[in-house]
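Enquirer: I have a structure I would like to understand better, so I am pasting it below and will then ask my questions one at a time.
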Amino acid sequence: PFGDIIFLGEFKDSVRGWYTVVGAAILSNMLANAITPAATNIGMMVTAKAMRFCCKSRKKHQARLLKLYTNPDFDMAARFAQLLNTIFVTLTYSSGLPMLNLFACLYMLFTYWADK
14 PFGDIIFLGE FKDSVRGWYT VVGAAILSNM LANAITPAAT NIGMMVTAKA MRFCCKSRKK
74 HQARLLKLYT NPDFDMAARF AQLLNTIFVT LTYSSGLPML NLFACLYMLF TYWADK
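Numbering follows our numbering, in which position 108 of the sequence shown is assigned residue number 121; successive positions increment by one, without gaps.
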């Protein structure tokens, strides 16, 4: 009875049409997942450097300078969750979508260099 409620999709199994519709959505989502987190971190880093360059002579108090030069906290739990999500989706669907292996490698490379 539970399967009659949730398994009402167009495809009964992983057939050629499934890869065309669902596989393409998974690939595009994983490509965005490979690029977006690293790009966001790099953007925040560039913004912080620009703010430091522009505002360093305007700050007259040591506490304000410390606040300006203090980096944001490194959220290990969120980074680890993104990594596990990427690995799980890649291992689950890579037998039918081998491009996921490349996207997972790109994610790990971009994340490594952005967090370094």
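By construction, the Cβ of each residue, glycine as well, lies at the ideal position given by its N, Cα and C atoms.
As the structure is a prediction and not an experimental result, all values here were calculated from the model.
Nearest-angstrom Cα distance between residue 89 and residue 96?
Expert: 10 Å
Enquirer: Compute the Euclidean distance between the alpha carbons of residue 23 and residue 39, then round it to the nearest angstrom.
Expert: For residue 23 and residue 39, the distance between alpha carbons rounds to 17 Å.
Enquirer: Can you tell me whether residue 35 is helix, strand or coil according to DSSP?
Expert: helix
Enquirer: By alpha-carbon positions, which one of 43, 28 and 20 ends up nearest to residue 102?
Expert: 43
Enquirer: Taking Cβ to Cβ, would you say residue 110 is nearer than 8 Å to residue 30?
Expert: no
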